[in-house]
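Q: Quick one: the structure is below, and I'll ask about it shortly.
Protein chains: 2
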Amino acid sequence: MTGSTLSPTERTRVRLHPERAVYDREVMYRILDEALVCHVGVVVDGAPRVLPTAIVRIGDFAYIHGSPANQSLAALAAGAPACITVTLIDSIVAGRSGFGMSMDYRSVMIFAAAEKIVDPGEKERLVAAFIEDICPGHQVRAPKPKEIAATLFVRFPLTEASVKIRNQGVVDPEEDYRLDTWSGVIPLQLTAGEPRNCSALKHGIAVPDYAKNYRRGR
Amino acid sequence: MTGSTLSPTERTRVRLHPERAVYDREVMYRILDEALVCHVGVVVDGAPRVLPTAIVRIGDFAYIHGSPANQSLAALAAGAPACITVTLIDSIVAGRSGFGMSMDYRSVMIFAAAEKIVDPGEKERLVAAFIEDICPGHQVRAPKPKEIAATLFVRFPLTEASVKIRNQGVVDPEEDYRLDTWSGVIPLQLTAGEPRNCSALKHGIAVPDYAKNYRRGR
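Chains S and L, in that order, are what the protein sequence lines are.
The numbering used here puts the first residue of the first sequence at 148, with every later residue one more than the last.
The numbering used here puts the first residue of the second sequence at 148, with every later residue one more than the last.
So, in structure tokens, the structure goes:
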């Protein structure tokens with residue numbers, strides 16, 4: 148688990164398009180850190196569920212949180228096997244055929260069982276980590292003990308994980324390159340607009356720079 | 148299944164934050180149509196997997212496709228129960244406490260077993276539908292029979308599904324509104340940058356308007 152390289156297992160070895168596989172942990176960290184949300188798969192009552200939720204990485208663990216009344220989160224906290232997928236779409240790839248259409252993307256898939264966080268001090272530090280991840284620079288009041296108690300935090304070790312990156316642009320069959328069709332990539336980025344004040348904002352508080360200049364990733 | 152309203156089942160009834168539940172099919176259609184990708188949960192070898200993949204909706208079905216060698220897709224095509232989640236993040240909600248931090252979002256969760264598409268003519272129409280969904284206006288050469296044969300298409304009926312929308316902005320406890328903290332929302336949008344031509348593009352082909360003006364959703 149330590150070290151800078153991911154060791155593939157039977158289910159994290161990238162078989163289809165092995166050229167898209169990346170086994171560098173630093174690359175995995177950057178994808179997880181850029182993402183706002185992950186999609187967590189867990190089996191509840193014999194059927195899969197996919198929960199979208201905020202994700203924070205600290206060291207070699209990914210953290211999620213929510214209400215203990217959430218059935219998927221409760222199943223995770225009880226130790227059910229999970230698959231956590233993070234996907235960043237970087238561009239539309241417009242090839243010259245349907246099968247030349249694609250997207251450039253960066254994705255991480257983690258297989259793990261969750262560990263429940265029980266220490267109130269650690270939960271309080273995690274609240275701060277989620278805020279700093281979702282909105283870096285934003286300062287808030289300290290959490291109350293009852294808020295900490297009412298929130299379930301779990302973490303997943305980044306032990307069994309795969310990273311796939313497609314960054315190739317157009318890859319068409321050779322004979323398609325002579326077609327009179329436009330072909331190229333359209334880059335996509337999650338961008339922030341003008342912040343809007345809370346309608347109950349106290350008079351005289353200016354929009355801070357971290358909100359005006361908000362951006363994810365690159 | 149027909150009609151304009153989603154009828155909740157035991158697992159699609161929104162219990163947490165019922166105020167976020169929407170049972171209007173048209174709203175579900177718009178979310179599915181704006182999304183480029185979904186995350187599909189399926190059980191493989193007893194453990195959940197979450198596959199990110201392009202999604203297209205036609206009528207009351209959601210379609211995905213890929214290689215038959217993909218284990219998750221093969222399990223789906225064999226009829227394994229699936230959960231398909233689509234998530235659009237609309238804004239960062241910066242409240243005055245950790246528990247006031249949130250995101251405004253629109254999401255759909257579908258429970259279904261896949262139906263495999265076998266008719267080559269239908270698969271060819273689906274290729275066209277994926278292109279028109281991913282890059283509206285883009286014209287390509289017709290698919291070859293071997294390309295059609297090599298691609299697995301499945302569809303999920305939009306029968307058992309839930310829609311959740313958070314569009315509330317900041318909701319802080321009453322006593323937090325007097326804090327001297329900035330609070331508000333930072334809107335997020337997936338935006339397109341300047342298209343880049345395929346390096347093998349034939350001389351004299353201009354970047355088309357649909358690529359220059361690419362946008363998703365609103």
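C-beta: ideal position from N, C-alpha, C; glycine also.
If you're wondering where the values come from, they're calculated on a predicted model, not measured in any experiment.
Taking Cβ-Cβ distances shorter than 8 Å, what residues in chain L pair up with Glu294/S?
A: Here the neighbours are Ser244, Gly245 and Phe246.
Q: Threshold first: 4 residues or longer. Then list the alpha helix (DSSP H) segments lying entirely within the segment 152-218 of chain S, N to C.
A: 172-181
Q: To the nearest angstrom, report how far apart Asn217/L and Arg196/L are at their CA atoms.
A: 12 Å
Q: Quick check on the DSSP output: what are the complete alpha helix (DSSP H) runs of length 4 or more inside the segment 298-333 of chain S, in order along the chain?
A: none
Q: When the distance is taken between beta carbons, is Phe300/S closer than 8 Å to Leu273/S?
A: A contact, by the Cβ cut-off of 8 Å.
Q: Checking 8 Å against the spacing of the C-beta atoms, do Ile257/L and Ala209/L come in under that value?
A: yes
Q: Taking the straight line between their C-alpha atoms, what separation do you get for Cys230/L and Val332/L?
A: 30 Å
Q: Identify, in the order they occur along the chain, each residue of the same chain with its Cβ nearer than 6 Å to the Cβ of Arg363/L, setting aside the five sequence neighbours on each side.
A: Glu181 and Leu337
Q: Between Gly188/S and Pro290/S, what straight-line distance do the alpha-carbon atoms span, to the nearest angstrom?
A: 29 Å
Q: Is it buried or exposed for Lys293/S, if we count other Cβ within 10 angstroms and need 16 for buried?
A: exposed
Q: Using a beta-carbon distance cut-off of less than 8 Å, what residues from the segment 342-353 of chain L approach chain S?
A: Pro342, Arg343, Asn344, Cys345, Ser346, Ala347, Leu348, Lys349, Ile352 and Ala353
Q: Could you tell me whether the Cβ atoms of Ile352/S and Asp327/L are closer together than 8 Å?
A: yes
Q: Considering only residues of the same chain and omitting the five flanking positions on each side of Ala224/S, which have a CB-CB separation below 7 Å?
A: For Ala224/S, same chain residues with a beta-carbon under 7 Å away, outside a window of 5 residues either side, are Ala261, Lys263, Leu299 and Val301 in chain order.
Q: Mind checking whether Leu153/S and Tyr170/S have CB atoms under 8 Å apart?
A: yes
Q: For the segment 314-342 of chain L, enumerate the residues whose C-beta is nearer than 8 Å to any C-beta of chain S, in chain order.
A: Gly316, Val317, Asp319, Asp323, Tyr324, Arg325, Leu326, Asp327, Thr328, Trp329, Ser330, Gly331, Val332, Ile333, Pro334, Leu335, Gln336, Leu337, Thr338, Ala339, Gly340, Glu341 and Pro342
Q: Classify Met148/S as buried or exposed, calling it buried when 16 or more other Cβ atoms lie within 10 Å of its own Cβ.
A: In this prediction, Met148/S scores a pLDDT of 45, lower than 50, which makes its location untrustworthy; the coordinate-derived value is nonetheless stated afterwards. The residue in question, Met148/S, is exposed, as its Cβ has fewer than 16 Cβ neighbours within 10 Å.
Q: Please report the straight-line C-alpha distance between Lys359/L and Ala276/L, rounded to a whole angstrom.
A: Lys359/L and Ala276/L have their C-alpha atoms roughly 21 Å apart.
Q: Got a sec: which bits of the segment 211-234 of chain S sit with their beta carbon under 9 Å from any beta carbon on chain L, in order along the chain?
A: Gly213, Ser214, Ala216, Asn217, Gln218, Ala227, Pro228, Ala229, Cys230, Ile231, Thr232, Val233 and Thr234
Q: Hey, would you say Ala194/L sits closer than 8 Å to Pro320/S, going by beta carbons?
A: no
Q: What's the gap between the Cα of Cys185/S and the Cα of Thr200/L?
A: Looking at the two C-alpha atoms, the distance is approximately 14 Å.
Q: For Ser346/S, count neighbouring Cβ atoms within 10 angstroms of its own Cβ and tell me buried if that reaches 16, exposed if not.
A: Under this definition Ser346/S is an exposed residue.
Q: Measuring CA to CA, which of Arg158/S, Glu166/S and Pro165/S is closest to Val191/L?
A: Arg158/S
Q: Using a Cβ cut-off of 9 Å, pull out every chain S residue sitting near Ser183/L, in sequence order please.
A: Ser is not the amino acid found at residue 183/L; the sequence shown has Leu there. Here the neighbours are Ile236, Ile239, Met250 and Leu335.
Q: Using a Cβ cut-off of 9 Å, pull out every chain S residue sitting near Tyr176/L, in sequence order please.
A: Within 9 Å Cβ-Cβ: nothing; Tyr176/L doesn't reach chain S, min ~19 Å.
Q: Buried or exposed: Thr156/S, going by 16 or more other Cβ atoms within 10 Å of its Cβ?
A: exposed
Q: Is it right to say Ser151/L is buried, meaning 16 or more other beta carbons lie within 10 angstroms of its own, or is it exposed?
A: exposed
Q: List, in order along the chain, the chain S residues whose C-beta lies closer than 8 Å to that of Arg288/L?
A: Arg243, Ser244, Asp323, Leu326 and Thr328
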